[in-house]
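One point on numbering: in our numbering, the residue at position 1026 of the sequence shown is 1477, and numbering is uninterrupted.
We put the CB at the ideal spot given by N, CA and C, even for glycine.
Note that the structure is a prediction, hence the values are computed from the model and not measured.
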Amino acid sequence: MALAAPLLPEDPERLGGYWLAGRLGAGGQGVVYEAYDSGGRRVAVKVLHGEAARDQELRGRFGREATAARRVASFCTARVLDAQLEGDQPYIVSEYVEGPSLRRAVRQEGRRFTGDDLHRLATGVATALAAIHDAGVIHRDLKPDNVLLGPDGPRVIDFGVARTLEMSLTASGLVAGTPTYMAPEVFTGRRAGTPADVFAWGGVVVFAATGIDPFEAESLGGVMHRVLSVDPDLSMLPESLRPLVAAGLRKDPEERPAARDLLNALVSGFRGFQGDLLALGSAEAGLLGRDGDREPGLGMLAEEVYAGLGPAAQAVVPDMLLRMIAVDENGDETTRRVSRAELLEGRPAEERAAVEQVLAALAQAGLLAGADGSVTLAGPALVRAWPRLRAWADEERDGLRGHMELAAAARRWRGDGGKDADLLQGARLDAALAWAAGGRRHLALNALEREYLAAGSALVRRGANRRRLLTLVLAVLLVLSLAGGGLSAYQGRRIAEQRDQATGRQVASQAGTLRTTDPATAMLLTVAGWRLAPGADTRSALTTSLYQPETAVFHDPQATGTTLRALSGDGRVLASVSADGVRLYDVRTGRRTGGWADTGIGTGQVLQSVALSPTGRYLAAALGAKVVVWDARTGKRRREYDPQAGDSADPEDRRSLLDLLLEFGDDDATLVVHEGQGLFLWNIDSGRVLPHWELGHAAVAASGRLAAYAVEGGEPGVHLRRLPAGTEDARFRAACPGAPISLAFSPDGRTLACRGARSVTLVDTGTARRLPGQLAAAGPVNLDLASMPMLRYGPGGLLASFADNRIQVWRVADRHLLLDYRLDGVALDVRFDSGGRSLRYLVDQSVVTVDLGQRLAGGGLPGKPYAATLSPDGRLLAVRMSETDAVRLWDVRGRRFAGEPLRGSEPGPDAAGSDPPQFSRDARHLLTGDGAGAYTVWDVATRTASRTIRAPKDRRLESAALSPDGRTLVAEMTPLLIRSASQEDERWMRLWDVGTGAVRTTVRLAQPAGPYVFSPDGHYMAPAGSGPGRFVDAASARPFGGNYDPSSQGGSDLGDLAFAPDGRLMALGDGMGRIMLWSTRGPAPRPPVLHGALEPVGAMAFAPDGQVLATGGGEGTVQLWDVAAGRRLGPAIDLYGSEILSLAFSPDGTTLYAADGSGGVHDYPVDPERIAAAVCARVGRTLPERDWPTYLPDVPYRDVCR
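Quick look at the structure:
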């Protein structure tokens, strides 16, 4: 959405439970506002006003817009949160989508969409249209103004009002708004249907690529003519899009493809279920980057300003801002204008200076408004939007109204010459003195207010009324309070606890703003927040700290002037080079470890490039037209390269600048020098220069005996040379597919990695043969040597690719993606730490450390399993390593197989795929199937078969489940062979007594219902198949109760089902990542719907106490949910593509175990105390006492990690 403009005088400050902050847009009949709800959530509020609000037809269509938007999947539009359609000002509240409209991005920010970005935009809008049409809605007003470029991809907005207000034909035949996206049939009087939306989609894609409305003309008649008879020029579109856009812009609506057909073609012929297609399109669109300014909310903006103030200025902020807040008779906050004199009066000089600094900073940020010597908050929305101010106001709420009256009375008293008649007396004086003595938290009495209360107390002393004693006691308490000693004595422990609670929540929220700039402090603040205020919000922040990738940041203190930086091979040393000298830092400690002042950079000489050798031994710099190499230990010049040294021309005629770019190979002695249109290798030890090669990226092995470079022009391909002779091995010319962009050798030199446009290929350097398994690499391809995608090998078989703002890391052994990381900015270099447990990247003047240890932990299985299931206590993993293998038990804690395979658990010879093994709820029994006609129940303790249940001769068994005590088996039976059409629908459900093998009951089914999940007490089962389900009695096999259906809450097909341990609640996960909680009484849905990562939910487990739910996704995401609060605890833990096969909690609920499709078995702490200890261990220290006043100024210091 656009950056908000200030509110106008006629705008309301509040609508219902929403505080308005600014205008996002306005038309003839309505306004869209940026607003905040009572909890500080940022929203957009669309309001009808004026004649439009009184027009019953427009009000009806306004209501239909809310209804239509609610029917559409929320991932592709701005989700409707609330609607108030009655009253004088009907309004709709939707989620705030951060990002500009497509029109603004193209017209105002100058963006043009090309290549992959254009394809992703087209895919995102097509995904939205498909979801809109699937919901039975026709948008009818798709245009660049109604496409928002959100952080997770395009969103389509405005369902109805925009069409009504801007796109309808008037009686005079004129069109209001932008008619260039109307389909031809609309101009000829036909009703707009879904093909009209597809036509508009084609126009939107053309606009994104060209910046021009596709049928633009000087008049409506010209527009109509072009729409009806002219085909726009599509030559600027890539080949992949041109035929699709042309089809969408066909004049005959019958010839246009449906939105789903468009989406199908855009995602390369995907053939899956309907929900999966939308998920794939949305995921592809989510890769679309967004340029332009960010749109910080009021709270973030205020926090940034506050963080930029010094301690003295921060100390006066609460009192200053609380004076600008008034509370009306209903308890609602409004703004209050205060004079500068009120803010400055009676303060010492240093505090007055701090007040002036705060006023200037907040006014410059647009957070304050002032005129005629007075100042006020820009709007009451700031109180809701900024958690820190909201906490201050909530703590001071009881006294805000009284203080406002006190301040006004004090001003009147002074204005009237200090008359006794204007003084507070009796109960009013007692109340004011009591509040001033012990009720204040952040407000400070200024000199006038203290003088006013003192005068009232003096008047009491002069009199002799019966209230004198109480008033004098309160006056004494006031004096003690103002002296600093009375507050704690008066309020005591309760106030301290409330203070700690508010501060804890505040610092936990504040930590989110520090995670990339000061991650160590951010993590420790969440520990402090949890210690002070245990709750869902602080627990979520604490959990985020355990899994956030960033663990440390070092900021180069030399951040002025032209400074270039380089990292050592392990990323531990940063070299900072400028005209002022060279500075070397240990980024782990932040200490300067060396450097020198004399760099020889003269006036006007350009510092072009710097490089640090892998061990940090040599530092090279390109200065103007030459290269200088220093010994970094001594600061002495070791080598100098001047290509013009032998030139006989007059020195004044020589070039002062050559195009030079430097990079060291993996060995310490070889420097790669890119000069003009070529490159050469320079051995620093010997001084030898190898002949120039063609322009491209080069890599040198750690041994110094192999060098490779890739070029696109000349002789394309990989050129590998044996050093020191430089002899080429021609076998490698075609070793890498296509035109390689960058190269890297493994540490042992046995493997060469080649980075292409979208993949990484591995080549054996001994045989020149490609190794199996390519790596899918993301990121734009830029052949500018300074910013092209790069590769970097690390210890332990790790490989990184970095391009622009994206870093990917793979474990080469199994080609598994460990990390897919996006940063704010462009990664200039990436280096692995020598231990391989972390990597560091250089961005601007900072070095950020990213933890890899958690991603490398876990595992142990000797390969990728075919199927795996954890026991409910997380102690064992039942695993089938291949489709034909027997089931084995894996000791999760011991990380080894427990005994031999279970003989007889192999799939049968006619198996058509077998069910994953299943444990009973008590973990004493295990169920395996042969994929054909038999299931076996095993005693886990003895590893022996208890009972094998076989299908009748002509039947097949499937979808089996074992009761919690292992005594009952349920399965569905189908004909083994279909001999007639009537048999196609034959299906039965049968229950067996496992102890005897006897059949308990058999019932005919109308359709597939399994798989089945037993309730914790085993009394009934919940079918987890597609469509609505009903509970089934485990004794009679009869259904009972009402339907439970994910689609009733906007969900798609059911992905998994789990019961809470007490059986009162069950969770349904769908194919779109949504989790719906249902009470088992009824059953009945229990809102809210939990929205997780956009991937099918494939595994779920409740903690033993039922308070935490864990979910696992089909694409490798683990998420923890606070069931009572209805919110996620921390971030989604991404295992990048490894399907989560099974989840289980430890018996005490403190640990979550997760088994994934790559063979990983991971354990995650869940207990907040364990998480706090782990976070402190990640940081390696506690929050120091010197930092405490900055973040927790009102709370006594404590060691949060003890």
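Self-check item: Neighbourhood of T1514 by C-beta, 8 Å cutoff - its chain only, sequence neighbours within 5 removed
Solution: For this step, residue 1514 is matched to residue 1063 along the sequence shown. Reading off the sequence, residue 1514 comes out as Gly, not Thr. Answer for G1514: S1466, P1467, D1468, T1531, listed in chain order.
Exercise. Decide if A1072 is buried, meaning its Cβ has at least 16 other Cβ atoms within 10 Å, or exposed.
Key: The sequence position of residue 1072 within the sequence shown is 621, counting from 1. Buried, because 16 or more other Cβ atoms sit within 10 Å of the Cβ of A1072.
Exercise. Please determine if the region 796-814 and the region 863-871 are in contact, where contact requires at least 3 C-beta pairs separated by less than 8 Å.
Key: Pairwise C-beta distances place the region 796-814 out of contact with the region 863-871, as fewer than three of them are shorter than 8 Å.
Exercise. Could I get the ranges of all uninterrupted alpha helix (DSSP H) runs contained in the region 1184-1215, with 4 residues as the minimum, in chain order?
Key: none
Quiz item: Within 10 angstroms of its Cβ, does V778 collect 16 or more other Cβ (buried), or is it exposed?
Solution: Along the sequence shown, one-based indexing puts residue 778 at 327. Buried, since its Cβ has 16 or more Cβ neighbours within 10 Å.
Quiz item: Between A984 and M974, is the Cβ-Cβ spacing less than 9 Å?
Solution: On the sequence shown, residue 984 is found 533 positions in, with the first residue counted as 1. On the sequence shown, residue 974 is found 523 positions in, with the first residue counted as 1. The answer is no: Cβ separation not under 9 Å.
Quiz item: How about the region 1590-1609 and the region 1548-1556: do they share at least three Cβ pairs that are nearer than 8 Å?
Solution: The region 1590-1609 is in contact with the region 1548-1556.
Quiz item: CB T994 to CB G955, shorter than 9 Å?
Solution: Within the sequence shown, residue 994 is the residue found at index 543, counting from 1. Within the sequence shown, residue 955 is the residue found at index 504, counting from 1. Cβ distance not < 9 Å, so T994 and G955 don't count as in contact.
Quiz item: Among E793, A1349, L833, which one has its Cα closest to the Cα of S825?
Solution: Residue 825 sits at position 374 when you count from the first residue of the sequence shown. Considering only alpha carbons, the answer is E793.
Exercise. Can you say whether G673 is buried or exposed, counting buried as having 16 or more other CB atoms within 10 angstroms of its CB?
Key: Counting from one through the sequence shown, the residue named residue 673 turns up at place 222. Exposed, because fewer than 16 other Cβ atoms sit within 10 Å of the Cβ of G673.
Practice problem: Quick one: grab the DSSP three-state call for R1088. | Solution: Looking up residue 1088 in the sequence shown gives position 637. Of the three classes helix, strand and coil, the one that applies to R1088 here is strand, per DSSP.
Exercise. Grab me the residues of P1479's own chain with a C-beta within less than 6 Å of its C-beta, minus the 5 sequence neighbours each way, in chain order.
Key: Locating residue 1479 in the sequence shown gives position 1028, where the first residue counts as 1. Excluding positions up to five away in sequence, the list reads N1494, D1496.
Quiz item: Taking all protein chains shown into account, do 16 or more other C-beta atoms lie within 10 angstroms of the C-beta of R1291, making it buried, or fewer, making it exposed?
Solution: Residue 1291 sits at position 840 when you count from the first residue of the sequence shown. Here R1291 is buried: its Cβ has 16 or more other Cβ atoms, across all protein chains shown, within 10 Å.
Quiz prompt | Delimiting residues of the alpha helix (DSSP H) encompassing Y757 | solution = Taking the first residue of the sequence shown as 1, we reach residue 757 at position 306. Element bounds for Y757: 749-758.
Self-check item: Close beta carbons around T785, own chain, < 8 Å, minus the five adjacent residues each side
Solution: Residue mapping note: residue 785 aligns to position 334 of the sequence shown, counting from 1. Excluding residues within five positions, the ones whose Cβ falls inside 8 Å are E464, I776, A777, V778, D779, P831.
Quiz item: Should D1416 be counted as a contact of the ligand ADP given a C-beta to heavy atom distance under 8 Å?
Solution: Looking at this structure, you won't find the ligand ADP or any other ligand, since it has none at all.
Practice problem: Spatial neighbours of L1174 within its chain, please: CB distance less than 7 Å, with the 5 preceding and 5 following residues excluded, ordered by chain position. | Solution: Position 723 of the sequence shown, counted from the start, is the residue given in the question as residue 1174. So the list reads G1155, R1156, L1157, A1158, once near-sequence residues are dropped.
Quiz item: How many Å lie between T1419 and V1454 at the Cα?
Solution: For the purposes of this step, residue 1419 is identified with residue 968 of the sequence shown, where counting begins at 1. For the purposes of this step, residue 1454 is identified with residue 1003 of the sequence shown, where counting begins at 1. Straight-line Cα distance between these residues: approximately 16 Å.
Quiz item: Using DSSP with H/G/I as helix, E/B as strand and the rest coil, what is T1419?
Solution: Indexing the sequence shown from 1 puts residue 1419 at position 968. T1419: strand per DSSP, three-state reduction.
Quiz item: So W843 is in the beta strand (DSSP E); what residue range does that whole segment cover?
Solution: Residue mapping note: residue 843 aligns to position 392 of the sequence shown, counting from 1. That residue, W843, is in no beta strand (DSSP E); its alpha helix (DSSP H) goes 838-866.
Practice problem: Sort A1026, S691, P1616, T972 by Cα distance to R1043 and report the nearest one. | Solution: Counted from its first residue, the sequence shown places residue 1043 at position 592. That would be A1026, whose Cα lies nearest to the Cα of R1043.
Exercise. Report the partner residues of R1331 according to the DSSP bridge assignment.
Key: Numbered from 1 along the sequence shown, position 880 holds the residue referred to as residue 1331. Looking at the DSSP assignment, R1331 forms a beta bridge with A1318.
Quiz item: So what's L616 in DSSP terms, helix, strand or just coil?
Solution: Stepping through the sequence shown from its first residue, residue 616 is reached at position 165. With a pLDDT of only 29 at L616, under 50, the local geometry of the prediction cannot be trusted, and the value read off the model is given with reservation. Here L616 sits in helix by DSSP.
Exercise. Could you check what DSSP says for M771 in three-state terms: helix, strand or coil?
Key: Looking up residue 771 in the sequence shown gives position 320. Note: M771 maps to helix in three-state DSSP.
Exercise. Mind checking which residues open and close the alpha helix (DSSP H) that includes M974?
Key: Numbered from 1 along the sequence shown, position 523 holds the residue referred to as residue 974. First-last of the alpha helix (DSSP H) with M974: 970-983.
Quiz prompt | Range of the contiguous alpha helix (DSSP H) that encloses R990 | solution = The count along the sequence shown starts at 1 and reaches residue 990 at position 539. Counting along the chain, the alpha helix (DSSP H) containing R990 begins and ends at 987-998.
Self-check item: Rounded C-alpha distance that separates A899 from P460
Solution: Locating residue 899 in the sequence shown gives position 448, counting from the first residue. Locating residue 460 in the sequence shown gives position 9, counting from the first residue. Looking at the sequence itself, residue 899 is Leu, so the reference to Ala does not match. L899 and P460: Cα-Cα distance of roughly 32 Å.
Quiz item: Rounded C-beta distance between G1380 and S1397? I'm assuming under 8 Å.
Solution: Indexing the sequence shown from 1 puts residue 1380 at position 929. Indexing the sequence shown from 1 puts residue 1397 at position 946. Rounded, the Cβ-Cβ distance is 15 Å, inconsistent with contact.
Quiz prompt | Same chain, Cβ closer than 6 Å to R791, neighbours up to 5 away in sequence not counted | solution = Counting from 1 along the sequence shown, the entry for residue 791 is found at position 340. The answer, listed in chain order, is G824.
Exercise. Measure from the alpha carbon of L679 to the alpha carbon of each residue in E560, R1525, T639, S691, then state which is nearest.
Key: The residue given as residue 679 occupies position 228 in the sequence shown. Measuring from the Cα of L679, the nearest candidate turns out to be T639.
Exercise. Please say whether L1268 and L1226 have beta carbons closer to each other than 9 Å?
Key: Counted from its first residue, the sequence shown places residue 1226 at position 775. Counted from its first residue, the sequence shown places residue 1268 at position 817. Their beta carbons are under 9 Å apart, which means L1226 touches L1268 by this criterion.
Quiz item: Ordered along the chain, which non-local residues of its own chain (more than five positions away) have a Cβ less than 7 Å from that of L458?
Solution: For the purposes of this step, residue 458 is taken as residue 7 along the sequence shown, with counting starting at 1. Excluding sequence neighbours, L458 sits near L471, G473, R474, G830.
Self-check item: Same chain, Cβ closer than 7 Å to R1089, five either side skipped, listed in chain order
Solution: Walking along the sequence shown from the start, residue 1089 turns up at place 638. Closer than 7 Å at Cβ, skipping near neighbours: Y1069, V1080, W1081, D1082, I1135.
Quiz item: Secondary structure at P1307, three-state DSSP: helix, strand or coil?
Solution: As a position in the sequence shown, residue 1307 is number 856, starting the count at 1. For the sequence presented, residue 1307 should be read as Leu rather than Pro. In this structure, L1307 counts as helix in the three-state DSSP scheme.
Quiz item: Where does F1482 sit, in a helix, a strand or coil, going by DSSP?
Solution: Start at 1 with the first residue of the sequence shown, and residue 1482 comes out as number 1031. The answer is strand: DSSP assigns F1482 an E or B state.
Self-check item: Cβ neighbour criterion (16 or more within 10 Å) applied to Y1648
Solution: The residue labelled residue 1648 in the question sits at position 1197 within the sequence shown. It counts as exposed.
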